[in-house]
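Asker: In my numbering, the protein residues as written are 304 to 619.
Glycine residues also receive a C-beta, built at the ideal position from the N, C-alpha and C atoms.
Sharing a structure here in structure tokens format.
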């Protein structure tokens, strides 16, 4: 297999591994041998709780045109993207080169048409974790209301360094055939789901957000993460359709801190991930976090992560 120029961690073993009880692929949808060069896995870790990984290049066109049953999926593309539609709407899943890694959680309550296409030469490294409604209910978990895309609920956020570490470990495992490997996979998949729902819990600890407030918060954070200088309170408030006092109340009620402190925390997290994964320069990391002074950035970084940015960039 030809080494992929953008990924030193690319899996070079060929093979596919499927569990018959997991409904990732219908009988007519399962990729035949030779379609992908790399690793494709799908397994059931618990009843109603499954893992699907793809770390491979498509040798030829591959299309799925089937049904996605009710339930929730946690998606993460570590590299690459693929065309996918749910209920004939783009799912917008993928990883932009040089961008931060995102986790995306999608949830549907009714069966919908699912379509996906892989083109020849397309390389993807991704992880998906499937949760059935019964599994969620049995574990006392509920997907919070989010901005709907058609009949689909969608949440997305930037992965933390610890989450990326687990995702990379799952993506680089070619098979999950041994009991110990499966236990490790189950542990990491559960940890990723737990951290996702803990994030939802943290966001609603001090406030039960309405649908409108959830949308407003999403717009505020999306603007805050855009490249460039840190947006002003006025710009953030305008983006969300709030007054500046309303913006302060919303951020304080959800996160227990002032808007500027929250935006700085989001920017520092982006810088941390870029330093760790992409080894960008300290100057570029400072700019990403919204600092014009490298010294001020280093001070804020050490305060947040207890280590200097140079140590994270060096991979020690």
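For the beta strand (DSSP E) that residue 340 lies in, which residues bound it at each end?
Answerer: Start and end: 339-349.
Asker: Excluding five sequence neighbours on each side, which residues of the same chain lie with their C-beta closer than 7 Å to the C-beta of residue 578?
Answerer: Correct list, in chain order: 588, 612, 615 and 616.
Asker: Whole-angstrom Cβ separation of residue 357 and residue 343, contact assumed at under 8 Å?
Answerer: About 6 Å; that satisfies the 8 Å criterion.
Asker: On a Cα-Cα basis, can you pick out the residue from 476, 406, 481 and 391 that is closest to residue 262?
Answerer: One cannot answer for residue 262 here, as it falls past the ends of the chain, which runs 304 to 619.
Asker: Just to confirm before moving on: does the CB-CB distance between residue 380 and residue 398 stay below 7 Å?
Answerer: Going by C-beta atoms, residue 380 is nearer than 7 Å to residue 398.
Asker: Between residue 384 and the rest of its own chain, which residues show a CB-CB distance below 6 Å, the 5 nearest in sequence each way excluded?
Answerer: Within the same chain, residue 384 has close Cβ partners 397.
Asker: Pick out the complete beta strand (DSSP E) segments inside the segment 372-405, 3 residues or longer, and give them in chain order.
Answerer: You should have 374-384 and 386-389.
Asker: By DSSP's criteria, residue 459 is part of a beta bridge. Which residues make up the other side?
Answerer: The partner list for residue 459 (beta bridge, DSSP) reads 407.
Asker: Write down the C-beta distance between residue 538 and residue 547 rounded to the nearest angstrom, noting that I regard them as a contact closer than 8 Å.
Answerer: About 10 Å; that fails the 8 Å criterion.
Asker: Near residue 603, which residues of its chain fall below 8 Å by C-beta distance, leaving aside the five closest residues on each side in sequence?
Answerer: Closer than 8 Å at the Cβ level, and outside the excluded window around residue 603, lie 567, 571, 592 and 594.
Asker: Excluding the 5 residues preceding and the 5 following residue 600 in the sequence, name in chain order all residues of the same chain whose CB lies nearer than 8 Å to its CB.
Answerer: Cβ neighbours of residue 600 beyond the five flanking positions: 574, 585, 588, 589, 592, 594 and 612.
Asker: Using beta-carbon positions only, say whether residue 428 and residue 382 come within less than 7 Å of one another.
Answerer: Yes; because the gap between Cβ atoms is below 7 Å, this pair is in contact.
Asker: Does residue 362 come out as helix, strand or coil in the three-state DSSP assignment?
Answerer: Coil at residue 362, not helix or strand.
Asker: Just curious, the beta strand (DSSP E) that residue 429 is in, first and last residue?
Answerer: Residue 429 -> beta strand (DSSP E) spans 426-434.
Asker: So, using beta-carbon positions, are residue 350 and residue 411 closer together than 7 Å?
Answerer: Taking 7 Å as the Cβ cut-off, residue 350 and residue 411 do not qualify as a contacting pair.
Asker: Closest by CA to residue 333, which one among 365, 606 and 544?
Answerer: Answer by Cα proximity: 365.
Asker: Under the three-state reduction of DSSP, which class applies to residue 518: helix, strand or coil?
Answerer: Residue 518: helix per DSSP, three-state reduction.
Asker: Going by C-alpha to C-alpha distance, which of 337, 482, 415 and 536 sits closest to residue 369?
Answerer: Residue 415 is the option with its Cα nearest to residue 369.
Asker: So what's residue 486 in DSSP terms, helix, strand or just coil?
Answerer: Helix, per DSSP.
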